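Read the structure below first, then the notes.
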Amino acid sequence: MKPRPFDYVRPDTVEEALDILAEHGDNARILAGGQTLLAMLNLRVVETAILIDITRIPELASIGEIDAKVEIGAAVTQSRLLGWPALARKLPLLACALPFVGHFQTRNKGTVCGSIAHADPSSELPLALALLDGEVVLRSRKGTRIVRAGEFQLGMLTTAREPDELITAVRFPLCKAGVAFREVARRHGDFAIIAVAATVENGNDIRVGVAGMADRPAVRRILRNGGPAL
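Residue numbering for the sequence shown follows the working numbering, beginning at 6 and increasing consecutively.
So this is what it looks like as structure tokens:
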């Protein structure tokens with residue numbers, strides 16, 4: 006099966022991409038890695054009038070730090086982040102979770118932001134973003150807004166992104182806590198049946214997140230100041 010015909014554009018700047026989004030809105034789709042989107046287009050699960058390829062926009066290809074957070078651009082692949090020398094020191098939870106995301110081949114194309122944007126309830130990266138209380142950076146011609154992870158994923162494959170907005174980056178807070186990540190799947194690299202992530206800080210501040218049991222990740226602080234949290 007093949008997708009219905011669509012137009013393809015490859016803007017050179019974020020501003021150019023935003024102009025196209027402003028013009029086409031819901032009729033446009035963003036192509037970053039395409040690991041999920043292209044399959045869905047081929048199966049005609051989704052359709053588009055125009056495909057906006059953002060993979061060559063230099064502004065979206067960076068990994069950096071801002072306000073005690075690691076900012077990951079929309080064109081950064083999962084493999085590139087996994088190979089980032091500072092990953093285990095600054096984002097140890099992602100160092101644990103990324104090897105469970107698909108396979109080596111798919112991580113070479115799939116992007117971090119693309120996984121967040123897709124909002125699969127069983128996906129590892131939305132779970133990590135929610136557990137660490139990260140942020141999604143959204144831009145349109147009207148300006149920039151920053152949405153917390155818990156307010157971004159609204160349900161299965163549903164987010165708070167408006168049709169004229171582009172996810173330009175996600176931000177993960179620097180993590181000094183102890184971390185753990187486990188998942189159960191039919192085979193390695195398959196969709197998680199259930200995934201669990203946890204952080205422990207100062208021995209008494211424990212956060213646990215679960216993916217795969219609801220339409221979005223569930224996060225709870227189960228201990229605080231030595232006592233149970235409500």
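For each residue, glycine too, the CB sits at the ideal point set by N, CA and C. All values reported here derive from a predicted model rather than from experimental measurement.
Original post:
Under a three-way DSSP split, which group does L87 fall into?
Top reply: helix
**OP:** Return no unless some Cβ of chain B is closer than 9 angstroms to the Cβ of A202.
**Re:** Going by chain labels, chain B is absent from the structure shown, which holds only one protein chain.
Subject >> Backbone CA spacing between R94 and T18 [nearest angstrom] >> reply: 32 angstroms
Subject >> Cα-Cα separation between G148 and R191, rounded to whole angstroms >> reply: 43 angstroms
Original post:
For I59, which option in A22, S67, Q83 and V50 has the closest C-alpha, if you only look at C-alpha atoms?
Top reply: A22
Original post:
DSSP three-state call for D195: helix, strand or coil?
Top reply: coil
Original post:
Out of curiosity, what's the CA-to-CA distance linking F177 and L130?
Top reply: 11 angstroms
**OP:** Give me the Cα-Cα distance between G30 and L48, rounded to the nearest whole angstrom.
**Re:** 22 angstroms
**OP:** Classify F186 as buried or exposed, calling it buried when 16 or more other Cβ atoms lie within 10 Å of its own Cβ.
**Re:** buried
Original post:
Going by beta carbon distance, what residues of the same chain come within less than 6 angstroms of L46, once the five residues before and after it are set aside?
Top reply: P8
Subject >> L159, buried or exposed, once every other Cβ within 10 Å from all chains shown has been counted against 16 >> reply: exposed
**OP:** Output the residue ranges of the alpha helix (DSSP H) runs that lie fully inside the stretch 37-75 and measure 4 residues or longer, sorted by chain position.
**Re:** 42-47
Subject >> Length of the line joining the Cα atoms of H193 and E64 >> reply: 33 angstroms
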